[in-house]
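2 protein chains.
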Amino acid sequence: MITRTAAGCEGQPRCAPVSIAMVGTDGKAGRMIKVNVMYPYTEGARFDHAYYRDRHMPMVKSRLGNACAYYTVEKGVSGRAPGAPPAFVAMCAFICDSAEGYEAAMQEHGAEIRGDIANYTDIAPVLQFSEVIVERSDR
Amino acid sequence: MITRTAAGCEGQPRCAPVSIAMVGTDGKAGRMIKVNVMYPYTEGARFDHAYYRDRHMPMVKSRLGNACAYYTVEKGVSGRAPGAPPAFVAMCAFICDSAEGYEAAMQEHGAEIRGDIANYTDIAPVLQFSEVIVERSDR
Chain A
0 MITRTAAGCE GQPRCAPVSI AMVGTDGKAG RMIKVNVMYP YTEGARFDHA
50 YYRDRHMPMV KSRLGNACAY YTVEKGVSGR APGAPPAFVA MCAFICDSAE
100 GYEAAMQEHG AEIRGDIANY TDIAPVLQFS EVIVERSDR
Chain B
0 MITRTAAGCE GQPRCAPVSI AMVGTDGKAG RMIKVNVMYP YTEGARFDHA
50 YYRDRHMPMV KSRLGNACAY YTVEKGVSGR APGAPPAFVA MCAFICDSAE
100 GYEAAMQEHG AEIRGDIANY TDIAPVLQFS EVIVERSDR
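Line by line, the protein sequences give chains A and B.
Per numbering that gives the first Met the number 0, the very first residue in the first sequence carries number 0; after that it's consecutive.
Per numbering that gives the first Met the number 0, the very first residue in the second sequence carries number 0; after that it's consecutive.
Spelled out as structure tokens, the structure:
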């Protein structure tokens with residue numbers, strides 16, 4: 000994130016600084032973050048991909064509301080070598096305008112969301128906040 | 000992946016089988032996979048995010064050609080707790096029609112691509128192949 004004074008605001012005390020995240024290589028400004036939720040592959044662990052896709056993820060999106068623009072979901076197939084287990088059996092990402100918006104929604108709905116995890120897995124997810132650098136290279 | 004005989008191909012020896020991956024919850028058929036490349040956070044390690052975004056990733060895309068529809072790039076900011084290091088300092092994903100197409104391009108260009116890694120990091124990436132379940136929830 001690059002914080003700078005908005006053009007024309009120099010010396011104007013009521014002008015707020017503007018946070019600008021440079022996204023991609025084309026100079027377009029945005030301020031997207033990703034919340035990555037990753038379920039480490041664990042021998043013998045349980046993961047119900049259908050429940051995750053059809054029930055859990057739509058419920059989380061509805062609770063996040065406008066704090067989340069959209070989400071992505073993927074299922075781990077293999078590691079680098081064919082047949083080797085993937086690092087993560089499932090991953091999702093919530094693409095949001097800000098970490099603050101996500102956190103505020105989780106303050107309100109986190110208990111319900113975390114309480115649903117046992118319905119599809121016994122794996123404890125790894126979570127991280129990331130800055131979107133290239134949302135998709137063809138846009 | 001569901002492999003089935005293309006309609007009208009029954010008993011026709013020169014008709015190839017068609018691979019169909021069911022994507023999302025809406026019944027639309029697709030055949031997207033993701034190749035996730037993840038750089039584990041390592042204390043004191045080097046990662047040049049500008050080189051990665053501006054030089055490495057466009058080079059890889061050009062070598063993958065049509066085998067890769069588009070890619071995404073993100074920069075790890077923090078773990079679950081504010082200020083905690085992220086699991087991965089950087090992640091990218093190549094969204095491709097098939098693992099076979101990606102592998103064929105890597106057979107040809109893998110040495111050049113791997114040879115460029117030292118120009119931006121000394122971290123060995125974790126790689127996995129994933130099936131796209133929801134490409135983006137708002138489409």
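Quick reminder that beta carbons are idealized off the backbone N, C-alpha and C, glycines included.
Keep in mind it's a predicted model, so treat the numbers as computed, not measured.
message = So for glycine 78/B, helix, strand or coil by DSSP?
response = Under the three-state reduction of DSSP output, glycine 78/B falls in the coil class, being neither helix nor strand.
message = Between the alpha carbons of serine 131/B and methionine 31/B, how many angstroms are there, rounded?
response = Reading off the sequence, residue 131/B comes out as valine, not serine. Roughly 6 Å separates the two Cα atoms.
query = Which residues in the same chain as glutamate 73/B place their Cβ atom closer than 6 Å to its Cβ, once the five residues preceding and following it in sequence are excluded?
reply = Cβ contact annotation for glutamate 73/B (same chain, cutoff 6 Å, sequence separation greater than five): Met90, in chain order.
ask   = Hey, how far is the Cα of serine 136/B from the Cα of alanine 86/A?
value = Pairing serine 136/B with alanine 86/A, the inter-Cα distance amounts to about 24 Å.
Methionine 90/B: contacting residues in chain A (beta-carbon distance under 8 Å) = Those are Asn35, Ser129, listed as they occur along chain A.
Test item: CB-CB of tyrosine 70/B and isoleucine 94/B under 8 Å = Between tyrosine 70/B and isoleucine 94/B, the gap from beta carbon to beta carbon is short of 8 Å.
ask   = Under a three-way DSSP split, which group does methionine 37/B fall into?
value = Looking at methionine 37/B - three-state DSSP - the assignment turns out to be strand.
ask   = Within 8 Å (strictly less), CB to CB, does leucine 126/A reach chain D?
value = No chain D appears in the structure shown, which is made up of the protein chains A and B.
ask   = Is phenylalanine 87/A close to chain B, meaning its C-beta is less than 8 Å from at least one C-beta of that chain?
value = Residue contact with chain B for phenylalanine 87/A: present (Cβ-Cβ distance below 8 Å to some residue of chain B).
inquiry  = Does the structure place the segment 97 to 104 of chain B close enough to the segment 49 to 65 of chain A that three or more beta carbon pairs sit under 8 Å?
reply    = No: the two stretches stay apart, fewer than three of their Cβ pairs being nearer than 8 Å.
request  = In the DSSP assignment, find the beta strand (DSSP E) that holds isoleucine 132/B and state where it starts and stops.
outcome  = Bounds of the beta strand (DSSP E) holding isoleucine 132/B are 125 to 133.
query = Helix, strand or coil for methionine 31/A per DSSP?
reply = Methionine 31/A sits in coil when the DSSP states are folded into three classes, being neither helix nor strand.
ask   = Do we get a CB-CB distance below 8 Å when we pair isoleucine 132/B with the residues of chain A?
value = Chain A contact via Cβ: present.
request  = Just mark glutamine 106/B as buried or exposed, buried being the case when its beta carbon has 16 or more other beta carbons within 10 Å.
outcome  = Exposed is the call here.
ask   = List, in order along the chain, the chain B residues whose C-beta lies closer than 7 Å to that of arginine 135/A?
value = Residues of chain B whose Cβ lies closer than 7 Å to the Cβ of arginine 135/A are, in chain order, Tyr69, Thr71.
inquiry  = For alanine 104/A and alanine 68/A, which I take to be in contact (beta-carbon distance under 8 Å), what is that distance rounded to the nearest angstrom?
reply    = Rounded to whole angstroms, the Cβ separation of alanine 104/A and alanine 68/A is 13 Å, and the two are not in contact under 8 Å.
query = DSSP on tyrosine 51/B, reduced to helix/strand/coil?
reply = DSSP, read as helix, strand or coil, puts tyrosine 51/B in helix.
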